[in-house]
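Encoded as structure tokens, the structure appears first; notes follow it.
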Amino acid sequence: MTSHTESMALPETLFKDLLIFFGALLSGYFGARLVLRLVVRWARHTSTNLDDVVLRHLRQPLSVLIPLIVLRTVQHAIHFPPTFRETFLSVYAILLIIVLAWLFLRANRAIEEHVKNRFDLSQGDNLQARAIHTQISTLKNIVGFVVVLVAAASILMTFERVRQLGLSLLASAGVAGIVIGFAAQRSIATLLAGIQLALTQPIRIDDVVIVENEWGRIEEITLTYVVVRIWDLRRLVVPITYFIDKPFQNWTRKSAEILGTVNFYTDYTISVDEVRAELERLVSSSDLWDRKVCGLQVTDTSERTMTLRALVSASDSGKAWDLRCLVREKLVAFISKRWPESLPRTRAEIEGGLNPRAQAAATPPSSTTPAAIPS
């Protein structure tokens, strides 16, 4: 009679436990969604956009974290079998670690987005904005790496065998430390290079650089590599240690302003003053010029031509390139129209006339009369 009563009570207890289990999850989920929706609606009417960014990034992980917390508060009312309770607690701990890591990663990304929104890279003189973007991107990568590392270690430590392995490694820390040190030497060097790059900032986000004879802009900086966007939209992926160990050109290290040159090869008979006046008139009518530097100089001469160098300035490298192309096109057209005879040419002048052999070769053969035939 007792066994029959226990068998009847078991389904009722199981049904009650399942009801509490799923009821806690569903109530926590829908309650979190409702509260978050009200908070989002309230945040839309605030003067700052920080709360909007934070809620947009944290909404999903909070929708999962809150049900887990509710389940934890009521789990004492669920009568799990002893073997199942241990499994449940292990799975719950792993899920909680994953969700917390997810929450920290999304919060890290929200902070990065908020800071970057405050400093606009589209401005002409964006040196401070590029420095802030570089620092916050590197800091986000470091924090993300640490969060993932701690989360992975915490998950592994929930298993008894892994804990025993960790204790055995600590017992033999001398040999293990040497082996792990050699294995992780390159990875640690790369990580330290990323931190050094963030502190010293030889490059920043949106810097104009020449790397491996390629002109481009720094598009992304991670802890292990840097992405350079080439002018033709190709991407050059460079190890981050490259910018610590090798020389490269940074055109926007202190300022985006830059000088551009255009060379012309002309005859000696051209009027340099008129070409200089045309250059000044041309750049004065262009929005690409920053009104700082404009000059024309004779920088070289040879036995056939002289070199005219036009020097102009612009607020950034992109405008400098377009301005150089404009000056080259318009001045070539101006010289061709105004002094076509002053374009580069090769002269050959012969003094004293032709020598007899050359004169004989140049004289056409005279006509000959056939000999008379005797009758």
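Quick note: the sequence shown uses my numbering, first residue 8, plus one each step.
Cβ coordinates follow ideal geometry from the N, Cα and C atoms, glycine included.
| Asked | Found |
| --- | --- |
| Identified DSSP bridge partners for Glu227 | Val234 |
| 6 Å Cβ shell around Glu119 - same chain, five flanking residues per side excluded | Ile143 and Lys147 |
| Residues near Ser70 by beta carbon distance below 8 Å, same chain, minus five either side | Tyr36, Ala39, Arg40 and Leu43 |
| Member of Val300, Cys301 and Thr273 whose CA lies at the smallest distance from the CA of Val339 | Thr273 |
| Which listed residue (Pro74, Gln203, Ala321 and Ile104) has its alpha carbon closest to that of Trp258 | Ala321 |
| Every unbroken beta strand (DSSP E) inside the segment 288-360 [3 residues or more] | 301-308 and 313-321 |
| Any non-hydrogen atom of the ligand NAD within 7 Å of Ile73 CB | With respect to the ligand NAD, the structure offers nothing, as it holds no ligand at all. |
| Asn270 classed as buried or exposed, judged by whether at least 16 other C-beta atoms fall within 10 angstroms | exposed |
| Simplified DSSP state of Thr248, which is helix, strand or coil | coil |
| Buried or exposed by the 16-neighbour rule on C-beta atoms within 10 Å, applied to Pro381 | Bear in mind that a pLDDT of 40 at Pro381, under 50, signals an unreliable position, so the model cannot answer this. |
| Beta-carbon proximity list for Ile217, same chain, < 7 Å, skipping 5 on both sides | Phe255 and Gln256 |
| Inter-stretch contact (C-beta, 8 Å, three-pair minimum) for the segment 237-248 and the segment 303-310 | no |
| Residue from Gly302, Leu134, Gly151 and Ala284 with nearest C-alpha to Thr229 | Gly151 |
| Within the segment 249-282, ranges of the beta strand (DSSP E) (whole runs, at least 3 residues) | 265-273 |
| Element boundaries [alpha helix (DSSP H), containing Ile139] | Leu134 to Met164 |
| Helix, strand or coil at Glu167 according to DSSP, with G and I counted as helix | helix |
| Inter-residue spacing [alpha-carbon to alpha-carbon] between Ala136 and Ile342 | 43 Å |
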